[in-house]
Amino acid sequence: MAAPRILLIIGGGIAAYKSIELVRLLRKSGHVVRCVLTRAGEQFVTPLTLAALSENKVYTSLFDLKDEVEMGHIQLSREADLVVVAPATADLLAKMAGGQADDLATTLLLATDKPVLAAPAMNVRMWLHAATQRNVRALRGDGVTVMEPDEGEMACGEYGPGRLPEPAAIFAAIEDALANAPLPSLLPSSSTSPLAGQPDFAPAEHRPLHGRRILITAGPTHEPIDPVRYIANRSSGKQGFAIAAAAAEAGAEVLLIAGPVPLPTPPGVIRVDVETATQMAAEVQQGLPVDAAIMVAAVADWRAADTAAQKIKKDGSGQVPPLALAENPDILAGLARDPRRPPLLIGFAAETNDVIQHAQAKLARKGCDWIVANDVSADPMGGDANMVHIVTPQGVDSWERQPKNAVARKLMEKIADELDTRAPPERD
Ligand code: CTP
């Protein structure tokens with residue numbers, strides 16, 4: 107596998123010295139690192155130190171790139187697998203959130219089509235300021251991973267959250283982001299195209315799922331017991347969101363119906379947030395017709411038969427209140443029987459034992475075309491990797507354990523091939 111390529115943008119701040127250690131850690135584990143220093147960053151670390159450690163040219167201004175033959179700023183922003191901003195100052199975060207591009211760092215951040223990870227560092231008041239918090243929320247909503255700063259004593263003598271996370275923690279977050287980064291593997295390479303230096307995704311009409319509409323459910327559902335309590339499960343939503351991201355990358359129109367999860371919406375995906383299974387079932391109906399539906403959500407099997415309008419209180423008698431349950435609609439099985447059944451209907455099954463046998467039984471019981479089954483006995487929900495078996499009436503295809511985004515991409519390849527053999531749905 108090629109070494110991961112990191113574009114490291116170093117903002118101005120006393121914590122910039124920690125970026126030197128970060129470069130060292132990245133190089134030690136074989137990553138290719140290119141550093142960009144903001145004008146303020148140059149006050150704290152020198153290009154010479156970074157060039158020596160990264161063994162690469164360091165960029166400080168847009169004019170370093172005026173020789174477009176060597177490396178244009180668009181190319182610089184996109185040749186990396188991940189863009190890391192550390193330290194991300196309040197000013198840099200504000201510019202990123204506002205889409206400003208008035209120097210090299212901000213221009214690269216606006217031009218990149220790669221995932222961005224920001225490690226903030228600033229005074230505690232600046233971090234807690236409503237404007238910074240607003241900017242962080244906006245950036246997370248845009249899909250930028252913004253780490254939580256460390257808490258502790260600051261260089262300015264104040265105490266609280268705002269310290270740059272330790273280089274080892276940033277390194278771990280980088281590994282995590284790389285494991286989940288969308289790889290352009292589904293997309294033809296543009297390196298030989300006359301558009302080299304332009305976005306490295308294929309024109310929309312050449313992508314494998316162009317013209318297809320795909321519905322995905324993801325995450326858990328929350329079934330209220332009273333205004334403050336609910337029944338839930340441990341689904342993180344990560345696999346479903348990775349599938350939505352991969353479907354959008356592959357050119358599909360993607361509708362993601364998500365239970366309550368704090369994950370950013372993948373680029374190009376239309377997201378509808380729901381809370382309960384009943385709401386999810388209604389939104390799935392609203393989303394039809396589609397070419398394929400992938401039901402990744404861990405839908406709660408039961409809801410409270412009656413939801414109390416007010417918080418249920420202890421009455422002091424030591425008696426526990428009865429909790430009567432009602433069965434939720436089976437969204438997948440309902441869709442299989444629906445006159446507007448998608449031409450390709452895929453269910454998921456997280457099992458703890460006899461994974462393949464249970465998945466085969468589920469395939470028949472639910473009436474879907476494929477079941478993507480995974481063993482969650484040793485590997486609880488919420489991790490970043492998955493080992494799945496694709497169970498179809500024709501047989502079982504077991505895939506090696508891999509990052510969830512790699513599973514998602516491989517699944518999209520299989521779906522694209524399969525849809526080519528099936529008649530499209532009837533449109534309204
Ligand atoms: N599913 C659904 N609606 C439900 C329950 C499940 O659409 N009310 C879908 C899930 O999204 C998943 C598949 O059905 O694609 C299998 O979910 P799972 O919870 O494993 O199935 P259950 O029928 O609940 O079986 P089990 O008895 O194993 O819980």
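The opening position of the sequence shown corresponds to residue 107 in my numbering, with each subsequent residue numbered one higher.
Here a beta-carbon is modelled for each residue, glycine too, at the ideal position from N, C-alpha and C.
Residue i, enclosing beta strand (DSSP E) - first and last residue
| i | result |
| --- | --- |
| T498 | V494 to T498 |
| T238 | That residue, T238, is in no beta strand (DSSP E); its alpha helix (DSSP H) goes A236 to G247. |
| Y504 | Correcting the residue type first, residue 504 is Ser in the shown sequence and not Tyr. First-last of the beta strand (DSSP E) with S504: G501 to S504. |
| A379 | Sequence inspection shows Asp at residue 379; the Ala mentioned does not correspond to that position. D379 -> beta strand (DSSP E) spans V375 to D379. |
| M401 | A398 to M401 |
| A432 | L431 to E433 |
| E329 | E329 to D332 |
| D481 | W476 to D481 |
| V222 | V222 to P226 |
| A411 | No beta strand (DSSP E) contains A411, which DSSP labels as neither H nor E. |
When the options are compared against residue i, the one with the closest alpha-carbon
| i | options | result |
| --- | --- | --- |
| P110 | T166, I276 and A285 | A285 |
| I120 | W505, P314 and P226 | P226 |
| W233 | L198, G247 and K220 | L198 |
| V189 | V396, T166 and D219 | D219 |
| E524 | R240, E148, W476 and A484 | W476 |
| H206 | Q392, N241, P445 and A186 | The identity of residue 206 in the sequence shown is Gln, whereas the question assumes His. Nearest C-alpha to Q206: N241. |
| V252 | G268, R319 and S135 | G268 |
| G489 | K510, A388 and R471 | K510 |
| L441 | A278, G473, D481 and V129 | G473 |
| P449 | I320, A244, N229 and R231 | I320 |
| F169 | E185, F454 and D209 | D209 |
| D187 | E359, H137 and A236 | H137 |
| L535 | E264, C262, E254 and G263 | No answer is possible for residue 535: it lies beyond the span of the chain, which begins at 107 and ends at 534. |
| E355 | P395, K516 and V142 | K516 |
| V230 | P395, V494 and E264 | E264 |
| G325 | A353, T371, D481 and R318 | T371 |
| P366 | A353, Q392, E532 and A406 | A406 |
| A411 | E329, K468 and G422 | E329 |
| E359 | L159, A388, T327 and L394 | L394 |
| G374 | K468, G247, P368 and A484 | G247 |
| D397 | A122, A467 and P530 | P530 |
| C141 | A158, R133, Y165 and G343 | Y165 |
Terminal residues of the alpha helix (DSSP H) in which residue i lies
| i | result |
| --- | --- |
| T212 | L210 to A217 |
| E257 | Looking at the DSSP string, E257 is not in any alpha helix (DSSP H); the run it does join, the beta strand (DSSP E), is D256 to E259. |
| R145 | Segment: none, R145 is in no alpha helix (DSSP H) and carries neither H nor E. |
| I349 | K344 to E355 |
| A439 | I437 to R443 |
| V390 | A383 to G393 |
| A467 | V461 to K472 |
For residue i, three-class secondary structure by DSSP
| i | result |
| --- | --- |
| I322 | strand |
| T251 | strand |
| L156 | helix |
| N511 | helix |
| I126 | helix |
| P193 | strand |
| L199 | helix |
| I115 | strand |
| G205 | coil |
| A283 | helix |
| M518 | helix |
| L361 | strand |
| P273 | helix |
| L525 | helix |
| A455 | strand |
| L132 | helix |
| A186 | coil |
| I120 | helix |
| Q304 | Bear in mind that the predicted position of Q304 carries a pLDDT of just 30, short of 50, making it unreliable; the figure below should be weighed with that in mind. Coil. |
| R231 | helix |
| P290 | Only weak support exists for where P290 lies, its pLDDT of 41 falling under 50; the coordinates are left without a value. |
| I337 | strand |
| A278 | helix |
| L369 | coil |
| I315 | The amino acid occupying residue 315 in the given sequence is Leu; Ile does not appear at that position. Of the three classes helix, strand and coil, the one that applies to L315 here is coil, per DSSP. |
Nearest-angstrom Cβ-Cβ length linking residue i and residue j, presumed shorter than 8 Å
| i | j | result |
| --- | --- | --- |
| A465 | A479 | 4 Å |
| A183 | A217 | Before going on, a small fix: residue 183 reads as Ser here, not Ala. With 8 Å as the limit, S183 and A217 qualify as a contact, their Cβ atoms being about 4 Å apart. |
| V390 | I363 | 6 Å |
| S125 | I112 | Going by Cβ atoms, the distance from S125 to I112 rounds to 11 Å, so no, they are not a contact pair. |
| T75 | H179 | Since the first residue shown for the chain is 107 and the last is 534, residue 75 is missing from the structure and cannot be characterised. |
| A414 | D332 | 4 Å |
| G357 | L315 | 5 Å |
| T238 | A196 | 5 Å |
| I452 | A399 | 7 Å |
| L143 | F277 | Their Cβ separation, rounded to whole angstroms, is 19 Å, which puts L143 and F277 out of contact at 8 Å. |
| P273 | L128 | 4 Å |
Any non-hydrogen atom of the ligand GTP closer than 7 Å to residue i Cβ
| i | result |
| --- | --- |
| F454 | Ligands present in the displayed structure are limited to the ligand CTP, and the ligand GTP is not among them. |
key: Cβ contact (3+ pairs, closer than 8 Å) linking the region 376-386 and the region 320-337   = yes
request  = Give a yes or no on contact between the region 418-433 and the region 341-354, applying the rule of three or more CB pairs nearer than 8 Å.
outcome  = no
key: Contact the region 491-510 vs the region 269-283: 3+ CB pairs below 8 Å   = no
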